[in-house]
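Novice:
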Amino acid sequence: MQMSIIPPTKNGYSYLEVVSTIQKAIRRGDEKNALFFSVEVVESGKDEALWRRLKVISSEDVGLATLSTPAILESLHVAYKEAKKQKKLSKPERLMITHAVLLLCRCKKSRLVDWVTCSIFPNHGEDLLPIPDYAFDMHTSKGRRMGRDLRHFAEHGAILNNHKKQPLEDQYKMEAIEVLEKKQKK
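Sequential numbering from 2 applies to the sequence shown in the numbering used here.
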């Protein structure tokens with residue numbers, strides 16, 4: 002298989018080294034290098050490649066530490082494409098690139114998502130896990146054979162960890178169980 006050679010950037014940098022610099026600069030909050038080399042990618046005609054990389058960085062290096070980052074990046078990317086279509090001389094789409102890079106440099110970061118991905122995907126299927134008992138409820142044929150009904154689901158299958166109880170939640174839960182049980186009896 003022949004490897005394709007990636008041409009250098011507009012100013013003669015190795016493209017892969019530029020991308021590596023962007024990611025490492027973002028990890029360190031080094032805005033100057035992150036912005037300079039992001040502009041180098043854009044000016045080299047690889048703006049969509051930059052957006053793909055920024056989205057990967059949002060999962061790899063930000064992850065759960067700043068939950069809104071992927072949604073904000075997607076919104077900025079959409080706004081970027083819309084602004085770029087207008088082909089204005091002032092190039093307002095540059096604002097979205099700058100915004101995205103600054104956001105990634107300044108937000109809280111965690112590599113948890115990447116570490117977990119690297120630990121679970123490569124070995125998946127080597128040691129199979131059994132289906133846990135809590136999965137068998139009224140929604141599965143095995144759960145129905147075990148006699149697990151709506152009450153069982155409400156008490157065991159609908160358990161939430163990290164639960165943030167909402168006002169009137171218990172009242173609505175009991176009302177829902179009553180309504181659903183009446184519906185099942187019909």
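Every residue gets a Cβ at the ideal spot worked out from N, C-alpha and C, and that includes glycine. Bear in mind the structure is a predicted one, so any value in this text is a computation, not a measurement.
Kindly indicate which three-state DSSP category Cys-119 falls into: helix, strand or coil?
Specialist: If DSSP states are grouped into helix, strand and coil, Cys-119 belongs with the helices.
Novice: Taking one C-beta from the segment 33-47 and one from the segment 67-74 each time, how about it: are there three or more such pairs within less than 8 Å?
Specialist: No, the segment 33-47 is not in contact with the segment 67-74.
Novice: Would you tell me roughly how many angstroms separate the C-alpha atoms of His-78 and Asn-162, rounded to the nearest one?
Specialist: His-78 and Asn-162: Cα-Cα distance of roughly 34 Å.
Novice: Please report the Cβ distance between Leu-55 and Leu-96, rounded to the nearest whole angstrom; I am assuming they are in contact, meaning their Cβ atoms lie under 8 Å.
Specialist: With 8 Å as the limit, Leu-55 and Leu-96 do not qualify as a contact, their Cβ atoms being about 15 Å apart.
Novice: Kindly give me the distance between the Cβ atoms of Lys-109 and Ala-155, rounded to whole angstroms, as I take these residues to be in contact under 8 Å.
Specialist: No, Lys-109 and Ala-155 are not in contact; Cβ-Cβ is about 37 Å, not under 8 Å.
Novice: The alpha helix (DSSP H) with Val-19 in it runs from where to where?
Specialist: Per DSSP, Val-19 belongs to the alpha helix (DSSP H) from 16-29.
Novice: In angstroms, rounded to a whole number, what distance separates the CA positions of Glu-49 and Phe-122?
Specialist: Spanning the two alpha carbons is a distance of roughly 27 Å.
Novice: Beta-carbon separation of Glu-32 and Lys-11 under 8 Å?
Specialist: Cβ distance not < 8 Å, so Glu-32 and Lys-11 don't count as in contact.
Novice: So which of Asp-115, Ala-159 and Pro-8 has the shortest CA-CA distance to His-140?
Specialist: Measuring from the Cα of His-140, the nearest candidate turns out to be Ala-159.
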